[in-house]
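Undergrad: Numbering (the numbering used here), first residue to last: 39 to 177. The structure that follows is given in the form of structure tokens.
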């Protein structure tokens with residue numbers, strides 16, 4: 039793992055690549071989280087995690103959303119799913135989907151920390167991607 043303020047392990051399995059898993063680990067400053075649509079800031083000893091507005095067709099978000107504030111040693115989990123348009127032309131209404139699982143810790147962690155510990159904060163913004171209730175028929 040890189041030694042940095044922020045370490046990101048991103049895993050992508052895209053339909054366009056036949057769901058072949060691609061993983062990348064990068065490190066950097068707090069601004070590195072913007073690559074994931076997150077804004078990280080420090081308030082006292084707490085790590086504040088906000089989701090930035092993105093280009094999702096559904097659900098729409100008008101501004102930043104506070105996910106959680108992590109005290110030192112705490113873990114937060116954020117789950118969400120999105121529907122994006124591939125083109126802006128109404129003549130080709132193609133879509134792609136993203137399902138996010140983001141785990142954030144404030145402080146150092148053991149290598150198995152995210153899988154062996156329950157999160158202190160759990161935010162679940164998963165929705166039915168065509169409106170309606172989030173229940174039956176959803177994974």
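Positions of the beta carbon are idealized from the N, C-alpha and C atoms, including for glycine. Because the structure is a prediction, the values reported are computed rather than measured.
(1) Roughly how many whole angstroms lie between the Cα atoms of residue 57 and residue 123?
(2) Which runs of the alpha helix (DSSP H) fall wholly inside the region 128-160 and span at least 4 residues, in chain order?
(3) Strictly by DSSP, which residues pair up with residue 123?
(4) Measuring alpha carbon to alpha carbon, tell me which of 155, 142 and 156 ends up nearest residue 45.
(5) Can you tell me whether DSSP reads residue 112 as helix, strand or coil?
(6) When the distance is taken between beta carbons, is residue 95 closer than 8 Å to residue 121?
(7) Decide yes or no for the touch test of the region 95-110 against the region 57-73: beta carbon pairs closer than 8 Å, at least 3 of them.
(8) Taking C-beta to C-beta, are residue 151 and residue 109 nearer than 8 Å?
(9) Closest by CA to residue 111, which one among 42, 125 and 157?
(10) Considering only C-alpha positions, which residue in the set 148, 115, 168 and 127 is nearest to residue 135?
(11) Pick out whichever of 88, 127, 166 and 131 has its Cα sitting closest to the Cα of residue 137.
(12) What does the alpha-carbon distance come out to for the pair residue 66 and residue 155?
(13) Tell me residue 61's beta-bridge partners as DSSP assigns them.
(14) Who are the Cβ neighbours of residue 101 in its own chain at under 8 Å, not counting the five residues just before and after it?
(15) Expressed to the nearest angstrom, what Euclidean distance is found between the alpha-carbon atoms of residue 49 and residue 63?
TA: Result, derived from the coordinates:
(1) 19 Å
(2) 151-154
(3) According to DSSP, residue 123 bridges with 133.
(4) 142
(5) coil
(6) Their beta carbons are under 8 Å apart, which means residue 121 touches residue 95 by this criterion.
(7) no
(8) no
(9) 157
(10) 168
(11) 166
(12) 24 Å
(13) 49
(14) 91
(15) 9 Å
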